[in-house]
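Chains as they are written, first to last, in the numbering used here: chain A, 90 to 310; chain B, 4 to 111. Here a beta-carbon is modelled for each residue, glycine too, at the ideal position from N, C-alpha and C.
Below you can see the structure in the form of C-alpha cells.
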C-alpha cells in the first residue's frame, strides 16, 4: 500500500501537461503493477526525461518569431537586473554575518557580472541560433524563454525585499535562507544550461538535415 | 524505406521500447498493462511504466499510434497507417541485418 502511494506521488513529478494527458492511464497501470525499486527508478527517470522533453520541444501552435525574440530579450534584461540586485543583497547579508570582510568588493562585482553575463550570453547565443534557423526556412527551434523562470524571478524579488528589511538583515537565522537560495540559483543555472544545450543540439541537427536536403534538391533538380 | 527507418531511430533511447510497443499493437489495440504483459511474453523484457508511457507519448506525437475511447481508466491504443508502415520497414531492415549476421556466422 505504501509503495502504491509512493508510485502515485512519483507520478506527480511529471510535467503538468503530461499528467493532464497520461496520469489516469498511468495510475491504472500502476494499480496492476508490483511497485519495486526498479519501477520507482523507472518513474523518476521517466519524469526527468519528460521535463527535458517539455523544455526543449517545439511549440505546437504557430508563434511569431519576432515577438518571441523580443520577449526573450526583455525577460533576460529584467533577469540581469534582478540577479545583480539579489547578488548585492546576498553579499550585504554575508558582510553582516561576518562571512565576508567588509573591504572585499570582489564578491559584489562577481555576483553582478555573473547575473548580467549569464543572461546576455544565453540570449545572444539563442538569437544567433534562431537567425540561422530562420535563414534555413525552418520553424522556430527554441522559443522557450531562456532568461529567468517565473519562480526564480519571484524568489529574487522576495530576497531583495526581505534582505532590505532592517529587522531581518540583522538576524543570524537569515543565513540558512541565503545558503538555500545560493544552492537554488546554482541548480537553476545547471537546469537552464542543460535545457539550452539540448535545444542547441536539436537546432544543429535540424540545420544539418535542412542543409543536406537543400544539397540533395540542388543535385537532383 | 531509409526515411522511415531514420524516423524510428530518431527516437534515441526510446527506439527500442517504441519498436516493442509497435509490435505489441500490430495484432490489435491494447492498453498499457496489456502491452507490458505482451512485450514481456514476446521479448522477455519488462518495460517500466515510465519507459512505456515515454514511448507511447513519443509514438502518439508522431502519429504512429492513436488512442481509443477509455475503458474505465485504461486507454487502449492502436496502430495508425503511418505506424504500420514504419513498423513494416523497420522489421524488414532488421530482417536484412539478421540475415547478413547469420550468413557471416555460417561462413566463419
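Subject >> Cβ-Cβ distance between residue 24 of chain B and residue 58 of chain B below 8 Å >> reply: One-based indexing of the second chain puts residue 24 of chain B at position 21. One-based indexing of the second chain puts residue 58 of chain B at position 55. In contact: residue 24 of chain B and residue 58 of chain B (Cβ atoms closer than 8 Å).
Original post:
From residue 107 of chain A to residue 108 of chain B, what does the alpha carbon distance come to, in whole angstroms?
Top reply: Translated into positions along the first chain, residue 107 of chain A becomes position 18. Translated into positions along the second chain, residue 108 of chain B becomes position 105. Separation of residue 107 of chain A and residue 108 of chain B (C-alpha to C-alpha, rounded to the nearest whole angstrom) is 46 Å.
Original post:
When DSSP builds the beta bridges, which residues end up paired with residue 81 of chain B?
Top reply: Position 78 of the second chain, counted from the first residue, corresponds to residue 81 of chain B. By DSSP's assignment, residue 81 of chain B forms a beta bridge with B/69.
Original post:
What three-state label does DSSP hand residue 91 of chain B in the structure shown?
Top reply: As a position in the second chain, residue 91 of chain B is number 88, starting the count at 1. Of the three classes helix, strand and coil, the one that applies to residue 91 of chain B here is helix, per DSSP.
Subject >> residue 75 of chain B - DSSP class collapsed to helix/strand/coil >> reply: Here residue 75 of chain B corresponds to residue number 72 of the second chain, with the count starting at 1. Coil, per DSSP.
Subject >> Anticipated Cβ contact below 8 Å, residue 36 of chain B with residue 115 of chain A, distance rounded >> reply: Taking the first residue of the second chain as 1, we reach residue 36 of chain B at position 33. Taking the first residue of the first chain as 1, we reach residue 115 of chain A at position 26. Between residue 115 of chain A and residue 36 of chain B the Cβ distance is about 11 Å, and since that is not below 8 Å, they are no contact.
Original post:
Should residue 110 of chain B be labelled buried (16 or more other beta-carbon atoms within 10 Å of its own) or exposed?
Top reply: What you label residue 110 of chain B is simply residue 107 of the second chain in a count that begins at 1. Looking at its Cβ environment, which holds fewer than 16 other Cβ atoms inside 10 Å, residue 110 of chain B is exposed.
Original post:
From which residue to which residue does the alpha helix (DSSP H) around residue 116 of chain A run?
Top reply: Walking along the first chain from the start, residue 116 of chain A turns up at place 27. If you look at residue 116 of chain A, you'll find it in the alpha helix (DSSP H) that goes 105-120.
Original post:
Residues of chain A with CB under 8 Å from residue 76 of chain B, in chain order?
Top reply: Translated into the one-based positions of the second chain, residue 76 of chain B becomes position 73. Result: 113, 114, 116 and 117.
**OP:** Determine the burial state of residue 126 of chain A: buried for a count of at least 16 other Cβ atoms within 10 Å of its Cβ, exposed for fewer.
**Re:** Taking the first chain and counting its residues from 1, the one referred to as residue 126 of chain A is at position 37. The residue in question, residue 126 of chain A, is exposed, as its Cβ has fewer than 16 Cβ neighbours within 10 Å.
Original post:
Counting pairs of beta carbons, one from the stretch 91-105 of chain A and one from the stretch 120-137 of chain A, are three or more of them closer than 8 Å?
Top reply: yes
Original post:
Using the C-alpha atoms, what's the distance from residue 143 of chain A back to residue 20 of chain B?
Top reply: As a first step, residue 20 of chain B is located in the second chain; it is residue number 17 there, counting from the start. As a first step, residue 143 of chain A is located in the first chain; it is residue number 54 there, counting from the start. One C-alpha to the other measures close to 20 Å.
Original post:
For the alpha helix (DSSP H) that contains residue 38 of chain B, what are its first and last residues?
Top reply: Taking the first residue of the second chain as 1, we reach residue 38 of chain B at position 35. It spans 35-46 - the alpha helix (DSSP H) in which residue 38 of chain B sits, taken as one unbroken run.
Original post:
Can you find a C-beta in chain B that's less than 8 Å from the C-beta of residue 132 of chain A?
Top reply: Along the first chain, read from residue 1 onward, the residue named residue 132 of chain A stands at position 43. With 8 Å as the cut-off, residue 132 of chain A counts as an interface residue toward chain B.
Subject >> Selection from B/88, B/103 and B/105 that minimises the alpha carbon distance to residue 29 of chain B >> reply: Counted from its first residue, the second chain places residue 29 of chain B at position 26. Residue B/88 is the option with its Cα nearest to residue 29 of chain B.
Original post:
What number of angstroms, rounded off, separates the C-alpha of residue 98 of chain B from the C-alpha of residue 52 of chain B?
Top reply: Within the second chain, numbered from 1, the residue matching residue 98 of chain B stands at position 95. Within the second chain, numbered from 1, the residue matching residue 52 of chain B stands at position 49. Those two C-alpha atoms are separated by around 29 Å.
**OP:** Report the option in B/85, B/50 and B/95 whose CA atom is closest to the CA atom of residue 62 of chain B.
**Re:** Stepping through the second chain from its first residue, residue 62 of chain B is reached at position 59. Closest option to residue 62 of chain B, Cα to Cα, is B/85.
Original post:
What residues in its chain sit with their C-beta under 8 Å from that of residue 95 of chain A, if we drop five residues either side in the sequence?
Top reply: Residue numbering aside, residue 95 of chain A sits at position 6 when the first chain is read from its first letter. Once the five neighbours on either side are set aside, the close Cβ partners of residue 95 of chain A are 124 and 129.
Original post:
What residue range is occupied by the uninterrupted alpha helix (DSSP H) comprising residue 28 of chain B?
Top reply: As a working mapping, residue 28 of chain B is identified with position 25 in the second chain. Looking at the DSSP string, the run of the alpha helix (DSSP H) that includes residue 28 of chain B is 18-28.
Original post:
If you measure from the beta carbon of residue 21 of chain B to each beta carbon in chain A, is any gap under 8 Å?
Top reply: Sequence index remark: in the second chain, residue 21 of chain B carries index 18 (1-based). With 8 Å as the cut-off, residue 21 of chain B does not count as an interface residue toward chain A.
**OP:** Kindly indicate which three-state DSSP category residue 124 of chain A falls into: helix, strand or coil?
**Re:** Taking the first chain and counting its residues from 1, one reaches residue 124 of chain A at position 35. The answer is coil: DSSP assigns residue 124 of chain A none of H, G, I, E or B.
**OP:** Identify the contact partners of residue 54 of chain B in chain A, using a Cβ-Cβ distance below 7 Å as the criterion.
**Re:** If you number the second chain from 1, residue 54 of chain B lands on position 51. In chain order: 131 and 135.
Original post:
Whose Cβ in chain A lies nearer than 8 Å to the Cβ of residue 35 of chain B?
Top reply: Locating residue 35 of chain B in the second chain gives position 32, counting from the first residue. 114, 115, 117 and 118, listed in chain order.
**OP:** Report the rounded CA-to-CA distance for residue 43 of chain B versus residue 50 of chain B, giving the unit in angstroms.
**Re:** The residue you call residue 43 of chain B lines up with position 40 of the second chain. The residue you call residue 50 of chain B lines up with position 47 of the second chain. Near 8 Å, if we compare the C-alpha coordinates of residue 50 of chain B and residue 43 of chain B.
Original post:
How would you label residue 75 of chain B, buried or exposed, when you count the other beta carbons within 10 angstroms and need 16 or more for buried?
Top reply: The residue given as residue 75 of chain B occupies position 72 in the second chain. Counting C-beta atoms within 10 angstroms of its own C-beta, residue 75 of chain B has fewer than 16 neighbours from the protein chains shown and is therefore classed as exposed.
**OP:** Using a cut-off of 7 Å between C-beta atoms, extract the partners of residue 138 of chain A located in chain B.
**Re:** Here residue 138 of chain A refers to the residue found at position 49 when the first chain is read from its first residue. Taking a Cβ-Cβ threshold of 7 Å, the residues of chain B close to residue 138 of chain A are 57, in chain order.
Original post:
Rounded C-beta distance between residue 54 of chain B and residue 113 of chain A? I'm assuming under 8 Å.
Top reply: Locating residue 54 of chain B in the second chain gives position 51, where the first residue counts as 1. Locating residue 113 of chain A in the first chain gives position 24, where the first residue counts as 1. Contact doesn't hold; Cβ gap of about 19 Å is too wide.
Original post:
So what does DSSP say about residue 135 of chain A, is it helix, strand or coil?
Top reply: Working through the first chain from its first residue, we reach residue 135 of chain A at position 46. Three-state DSSP puts residue 135 of chain A in a helix.
**OP:** Can you give me the start and stop residues for the alpha helix (DSSP H) that residue 101 of chain A sits inside?
**Re:** Translated into the one-based positions of the first chain, residue 101 of chain A becomes position 12. Residue 101 of chain A -> no alpha helix (DSSP H), and no H or E assigned at all.
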